[in-house]
Every structure is written in structure tokens, then in C-alpha cells.
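Position 32 of the sequence shown, counting from 1, maps to 34 under our numbering, and the rest follow consecutively. We put the CB at the ideal spot given by N, CA and C, even for glycine. Owing to the predicted nature of the structure, the values given are computational and were not obtained by experimental measurement.
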Amino acid sequence: MSPSSAKPPKNFPVELQVREGTTDNKEWNHVRIGGIDYQYRYKGGSKEHGNHEAYVGTGINILDIALIKDEQRYVIHGGECVTSTPKQFDFQRVSDLTATVTDLNTIEAEAKYIVMVRDKENENIIPCHPMMKNIPPP
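What follows is the structure, encoded as C-alpha cells:
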């Protein structure tokens with residue numbers, strides 16, 4: 003496919019919230035790091051909760067991840083895509099509060115993307131991870 007006929011990327015906004023503590027609310031995921039309980043939740047993506055599915059061959063998909071600030075305590079430290087399919091998914095930290103995950107969407111594949119959030123108050127790194135999947139067209 004020539005560059006002029008390529009489909010433009012599709013962008014999907016995703017919000018990530020992180021806070022200290024626990025809850026019974028099923029929207030929040032729990033993780034314990036360094037003896038401290040944290041919760042995180044995602045909003046957005048095509049399947050909500052940060053999860054994303056794309057039909058193979060429908061163009062590049064980009065998740066635009068925004069960390070919702072909590073008194074300047076949390077920042078995006080880094081991240082990665084965990085998958086058995088190389089070169090299909092790419093994580094990029096853009097700033098302390100933003101990151102992107104690019105899905106080339108050329109083959110069937112599945113991945114977890116992990117946003118590593120740093121708690122500047124306690125110097126803990128909090129892994130926050132939903133999934134991405136490329137599925138065959140209907």
C-alpha cells in the first residue's frame with residue numbers, strides 16, 4: 003500500500019487514575035507495592051476500562067493515555083507492551099502525564115500494555131495493565 007492510500011491512524015483517548023488505598027468497587031484494580039495498597043482504573047479505549055480491540059487491516063490504532071493528576075504525586079515512569087507478537091504494539095512515554103500505545107493492526111495479535119506509574123511520595127512503581135487485541139474482520 004502506498005503512503006498516499008494508507009488509512010489515517012485512529013486515536014482513542016484513555017484516562018488512567020491511580021490512588022492509594024483499597025475499595026470494593028469493581029471498577030478499580032488493586033495492587034500492593036512496598037507494603038502500600040494502590041488502586042488504578044482506566045476509562046476509554048474501544049472496550050472501555052482501557053481495553054482495546056481492533057479489526058485487523060482497518061488501520062493503525064493509537065491509544066492516547068492521560069494520567070489524571072492527584073496532587074502531583076503520581077507520574078508516568080515508563081511502560082511496555084507484553085506480547086508474543088513482535089513489532090505490532092509500541093509503548094511511548096510522552097511526558098509525566100501522557101503516553102501512547104501504537105497498534106499497527108496488520109495481523110491477529112494480543113498484548114497487555116503496562117503503564118508504570120511512580121508514586122513520588124513513596125518512590126514505588128505501580129504497574130497498571132489492561133489488554134489490546136487485533137481480531138479478524140467480521
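Integer Cβ distance of H54 from F14, believed to fall under 8 Å: Rounded, the Cβ-Cβ distance is 6 Å, consistent with contact.
Residues that DSSP places opposite T25 in a beta bridge: Beta-bridge partners of T25 (DSSP): none assigned.
Three-way DSSP call (helix, strand, coil) for P138 in this model: coil
DSSP state of K114 mapped onto helix, strand, coil: Looking at K114 - three-state DSSP - the assignment turns out to be strand.
Nonlocal neighbours in the same chain, by C-beta distance under 8 Å from G23, ignoring five residues either side: D39, Y40, Q41
Cβ pair Q74, R43 closer than 7 Å: no
When V103, G46, C83 are compared against N63, the one with the closest alpha-carbon: V103
Simplified DSSP assignment, three categories, for Q74: coil
For A101, the nearest candidate out of L65, G47, G59 (CA to CA): L65
H79 in three-state terms, based on DSSP: strand
Proximity below 7 Å, CB of I70 to CB of E17: yes
Contact under 7 Å by Cβ, Y76 with P139: no
Residue range of the unbroken beta strand (DSSP E) whose run includes A68: 63-69
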